[in-house]
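Numbering (UniProt numbering), first residue to last: 1 to 376.
Ideal placement from N, C-alpha and C gives every residue a C-beta, glycine not left out.
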Amino acid sequence: MYNLVAPCLFGLEKTVAYELKLLGATNIKITDGRVSFTGDDEVIVKANICLRTAERVQIEVGKFPCKDFDQLYDGIFKQDYTRYIPNKDCKFTIARARSVKSKLTSIPAIQKVANKAMADRLMEIFRTNILSESSDVEIAFNIFINKDEAHLYIDTTGEALHKRGYREKTVAAPLRETIAAFMVMLARWKTKRPLYDITCGSGTIAIEAALIGLNIQAGINRNFAGENLPFIDKKKWNEIRSKYINLEDYSEFKIYACDIDPEAIEIAKENAELAGVADYIDFSVKDVKEVKITEQDGYIICNPPYGVRIGDDEELEDLYASMKKLFKSLDNFSYFIITPDENIGEKVGIDFSKNRKIYNGTINTHLYQYLSQKRY
């Protein structure tokens, strides 16, 4: 068993914990921006392939006080690496370092000291003066220093989990895939009900909804750093992928997504093709004021443009007025809208029951929700 950590965007922790529980993780604990848990090789593989709302999956090698570079060196040097690095021919890197509310702030210096300490320790363990500079096996370590306590991790993910592999092109200020998936999961959308994204941009919400509706796992079509780790059975990756592919459900449903920008719709269509869900999303070039919804109930999940995604305040006010007019006729719809605008409820005519602070990259936004009184 391993002590593991799944970092995530602030505000998504409870959903990450819920996902992990379904995957068989134990000892799940939530802190700001990360969820710690316990699991074996299978949980590591499942978490990488299946998690929709986390950023990566890391093995915690150790933690120690870290107020200066001497403590950093000593803490790294004292760790037992024999479980993870079987011989001197394995290459290692200090891939990422981050420091929050701590005395050590220089990331390059932290990486340099950590690299030297780990190299010295491995040379001592393997009784050699030379470590491999080139190897088929490369183990990436990450360091996170928080309030003068260092955490040393092995990265099993590689590129962050929000990089599903389908978004080769995008629009300005795109919504991160993990947030889009979070919105759909929070809505508890079922495929028998229509889902609309009326300001779809590059199509992320619609694509993530389609992946969820088809039970296609978020990372099913990408590779992970953990596939090359010597202490995880390589066969498990293909076995677990095959298991989840067999659980995919290609029942018919439709998601409707539109945007006023023709270029955005072309990008969205290309992204949907790459994700393998193009047949399940009806994309159209349309201003919100032109949107016609005939269904009696359903979901509107959207990320209205703001900042660099829209020209000026007048355009934004016009958009909100169009949304308000549309929503007025949709009494039995549920709404999930993410925006930095704290007065969005008044502007679109919805008395939102709840809002959650969510960081979309560096942008401080709120996810506003209103659940239809109609029970599905």
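Query	Result
I'd like the span of the alpha helix (DSSP H) that includes E263, first residue to last.	262 to 275
Cβ of G213 versus every heavy atom of the ligand MN: is any distance shorter than 7 Å?	Among the components of this structure there are no ligands whatsoever, and the ligand MN is therefore not found.
For the putative contact between T339 and Y306, defined by C-beta atoms under 8 Å, what is the C-beta separation to the nearest angstrom?	6 Å
Name the two residues that bound the continuous beta strand (DSSP E) containing G39.	34 to 39
Quick check on the DSSP output: the alpha helix (DSSP H) that includes residue 456 runs from which residue to which?	What the structure shows of the chain is the stretch from 1 to 376, and residue 456 is not part of that stretch, so it cannot be assessed.
Just the Cα atoms here: how many angstroms apart are I255 and A209?	8 Å
Expressed to the nearest angstrom, what Euclidean distance is found between the alpha-carbon atoms of I94 and Q217?	29 Å
Here's a check: name, in chain order, each residue in its chain whose Cβ is nearer than 8 Å to the Cβ of A278, leaving out the five neighbours to either side.	K269, A272
Pick out whichever of E124, N146, A119 has its Cα sitting closest to the Cα of T105.	N146
Find out if the Cβ-Cβ distance for the pair V291, L319 is shorter than 8 Å.	no
For V100, is the classification buried or exposed, using 16 other Cβ atoms within 10 angstroms of its Cβ as the cut-off for buried?	exposed
Say whether the stretch 85 to 92 touches the stretch 113 to 126, bearing in mind that this needs 3 or more beta-carbon pairs closer than 8 Å, one atom from each stretch.	yes
Please work out which residues of its chain come closer than 8 Å, Cβ to Cβ, to L4, disregarding the five sequence neighbours upstream and downstream, and give them in chain order.	A25, S36, F37, T38, G39, V43, I44, A47, V57, Q58, I59, E60
Per DSSP, what are the beta-bridge partners of T365 in this structure?	I358
What residue ranges within the stretch 125 to 189 form continuous alpha helix (DSSP H) runs of no fewer than 4 residues, ordered along the chain?	177 to 187
In angstroms, rounded to a whole number, what distance separates the CA positions of L247 and N215?	7 Å
Does DSSP put R56 in a helix, in a strand, or in coil?	coil
Among D148, D136, E263, T82, which one has its Cα closest to the Cα of M118?	T82
How would you label E159, buried or exposed, when you count the other beta carbons within 10 angstroms and need 16 or more for buried?	exposed
Taking its Cβ as the centre, do 16 or more other Cβ atoms sit within 10 Å of D155, making it buried, or is it exposed?	buried
Could you check the C-alpha separation between K357 and G11 for me, to the nearest Å?	6 Å
What residue range is occupied by the uninterrupted beta strand (DSSP E) comprising Y299?	297 to 302
Alpha carbons only, please: which of F126, L367, F92 is nearest the one belonging to K112?	F92
Looking at the secondary structure, which residues open and close the beta strand (DSSP E) in which H284 lies?	One detail in the question is off: residue 284 reads as Ser in this sequence, not His. Here the beta strand (DSSP E) through S284 covers 281 to 285.
Measuring straight from C-alpha to C-alpha, what distance separates I293 and D41?	47 Å
Am I right that residue 386 and A257 are in contact with their C-beta atoms under 8 Å? What's the rounded C-beta distance?	A query on residue 386 cannot be resolved here, the shown segment of the chain reaching from 1 to 376 and no further.
So, using beta-carbon positions, are I49 and R241 closer together than 8 Å?	yes
Who are the near neighbours of R98 in its chain, counting only those whose CB is closer than 6 Å to its CB and skipping five residues on each side?	F144
State the DSSP-derived secondary structure class of T15, mapped to helix, strand or coil.	helix
According to DSSP, simplified to helix, strand and coil, what is I94?	strand
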